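**Student:** Plus 59 on top of the position in the sequence shown (first one is 1) and you've got this note's numbering.
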Amino acid sequence: MTESLELTETFIQTPHELEAEFRTAAPVRPVKIPSGINGWLVTRHEDVKAVLTDPRTLSLHRTAQGYVPAFVGLSSRVSGVAALRADPARMPDAVEELLRYESPLHTGTLRFTAEDIEIGGVPIPANEFVFVSLLSANRDDAGFEEPDKLDISRSTNGHVAFGHGIRHCLGAPLARLEGRIAIGRVLDLHLAVDPDTLTWRTSSLMRDLEVLPVRTK
Ligand code: HEM
Numbered sequence: 060m061t062e063s064l065e066l067t068e069t070f071i072q073t074p075h076e077l078e079a080e081f082r083t084a085a086p087v088r089p090v091k092i093p094s095g096i097n098g099w100l101v102t103r104h105e106d107v108k109a110v111l112t113d114p115r116t117l118s119l120h121r122t123a124q125g126y127v128p129a130f131v132g133l134s135s136r137v138s139g140v141a142a143l144r145a146d147p148a149r150m151p152d153a154v155e156e157l158l159r160y161e162s163p164l165h166t167g168t169l170r171f172t173a174e175d176i177e178i179g180g181v182p183i184p185a186n187e188f189v190f191v192s193l194l195s196a197n198r199d200d201a202g203f204e205e206p207d208k209l210d211i212s213r214s215t216n217g218h219v220a221f222g223h224g225i226r227h228c229l230g231a232p233l234a235r236l237e238g239r240i241a242i243g244r245v246l247d248l249h250l251a252v253d254p255d256t257l258t259w260r261t262s263s264l265m266r267d268l269e270v271l272p273v274r275t276k
């Protein structure tokens, strides 16, 4: 069995690199998340969907906030902003791609095993927490071509930013509308710092920034 790994701030600040390694080396692995809870981290697109549709897992729900990560993703990739300014009709596609690219819920879709299960060939006993990483599933090249590239013209079919299966987000239509309005309002703002220097709040469940410095010119 893969040894349990204690996840640190690196997991919060730079999750994409770490989870890309996990998807290859140990896609279903025991971990302790930064809030101190032990469980199993699931990082592959297929495995995430399998957990979310497995009736032997119980849901522990939290609702997501916000599009701040999306704004960061967009602002740090100027070509995406330019494409949107030039053609606002592309906003719905842009919102969908931003949800995939910088998913607001990281491992927020907590599950608890009511029975023994097997995911991706790894047995997980009953009474364990399972952290399905929506962030990682949305950057899995098994699900999306060149997943680390922000491309508002791609097909985002199958992204799991709003979950998957019976618990798929009930507020998704409202959240999509909010995203279109909010991102439309900030298209003239610019990120005032290098996006790599931004600090993410210490929660591996949701993704939120400590501060988002912007400038108007
Ligand atoms: C960007 C914004 C949002 C994101 C990324 C998001 C994401 C999610 C995700 C991933 C789930 C599945 C949780 C699970 O499987 O355990 C979920 C469920 C849910 N969301 Fe959202 N959500 C957002 C906004 C909203 C809003 C605005 C509302 C309400 C107005 C809402 C209401 C719900 C509810 C009620 C559920 C539970 C559905 C159920 O358990 O059957 N969400 N959301």
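The beta carbon of each residue, even a glycine, is placed where N, CA and C say it ideally should be.
Please read all numbers here as calculations on a predicted model, not as lab measurements.
With DSSP as the reference, label F130 as helix, strand or coil.
**Tutor:** Here F130 sits in helix by DSSP.
**Student:** For a test of your reading of the model: does the CB of F221 fall under 7 Å from any non-hydrogen atom of the ligand GDP? Yes or no.
**Tutor:** Looking for the ligand GDP in the displayed structure turns up nothing; the ligands present are the ligand HEM.
**Student:** Taking DSSP as the reference, what is the three-state secondary structure of T67?
**Tutor:** T67 falls in the coil class under three-state DSSP.
**Student:** With contact counted as at least three CB pairs below 8 Å, one residue from each stretch, are the region 153-162 and the region 127-140 in contact?
**Tutor:** Because the criterion of three Cβ pairs below 8 Å is met, the region 153-162 and the region 127-140 touch.
**Student:** Opposite L250 in the DSSP bridges: which residues?
**Tutor:** DSSP output for L250 lists V273 as bridge partner(s).
**Student:** I'd like to know whether the C-beta atoms of I178 and V87 end up nearer to each other than 8 Å.
**Tutor:** Against a cut-off of 8 Å, the Cβ pair of V87 and I178 comes out as a contact.
**Student:** Is S262 near the ligand HEM, judged by its Cβ being under 7 Å from some heavy atom?
**Tutor:** S262 Cβ: outside cutoff for every heavy atom of the ligand HEM.
**Student:** For S138, which option in V273, P272, V252, D210 has the closest C-alpha, if you only look at C-alpha atoms?
**Tutor:** Nearest option by C-alpha distance: D210.
**Student:** Apart from the five residues on each side of it in sequence, which residues of its chain come closer than 7 Å, Cβ to Cβ, to R110?
**Tutor:** For the sequence presented, residue 110 should be read as Val rather than Arg. Once the five neighbours on either side are set aside, the close Cβ partners of V110 are V101, T116, R170, I178, V189, V191.
**Student:** Just to confirm my understanding: we take V245, look at its own chain, exclude 5 residues before and 5 after, and list those with CB closer than 7 Å. What are they?
**Tutor:** F130, listed in sequence order.
**Student:** If we define contact as Cβ-Cβ less than 8 Å, is V110 a contact residue for chain C?
**Tutor:** No chain C appears in the structure shown, which is made up of a single protein chain.
**Student:** For H104, collect the residues of the same chain with a Cβ closer than 6 Å to its Cβ; drop the 5 residues on either side in sequence, then sort them by chain order.
**Tutor:** Counting only Cβ-Cβ distances below 6 Å, and skipping sequence neighbours, we find A196, D199, A201, G202.
**Student:** Counting along the chain, where does the beta strand (DSSP E) carrying T168 start and finish?
**Tutor:** 168-172 is the extent of the beta strand (DSSP E) around T168.
**Student:** Once DSSP output is grouped into helix, strand and coil, what is the label at P89?
**Tutor:** Residue state, collapsed to three classes: strand.
**Student:** If we require 4 or more residues per run, which alpha helix (DSSP H) segments fall completely within the region 170-217?
**Tutor:** Runs of the alpha helix (DSSP H) inside the region 170-217: 193-196.
**Student:** Within its chain, find whatever has a CB closer than 7 Å to the CB of V154; leave out the 5 residues flanking it on each side and keep chain order.
**Tutor:** R235, G238, R239, I242, listed in sequence order.
**Student:** For K108, which residues from the same chain have a beta carbon less than 8 Å from its beta carbon, with the 5 sequence-adjacent residues on both sides left out?
**Tutor:** So the list reads A196, V219, H223, G224, once near-sequence residues are dropped.
**Student:** Can you check which of these residues, T112, Q72, S134, L64, is closest to D247 by C-alpha distance?
**Tutor:** The shortest Cα separation from D247 among T112, Q72, S134, L64 belongs to S134.
**Student:** Between A173, E269, T275, which lies nearest to A251 when the distance is taken from Cα to Cα?
**Tutor:** Here the closest residue by C-alpha is T275.
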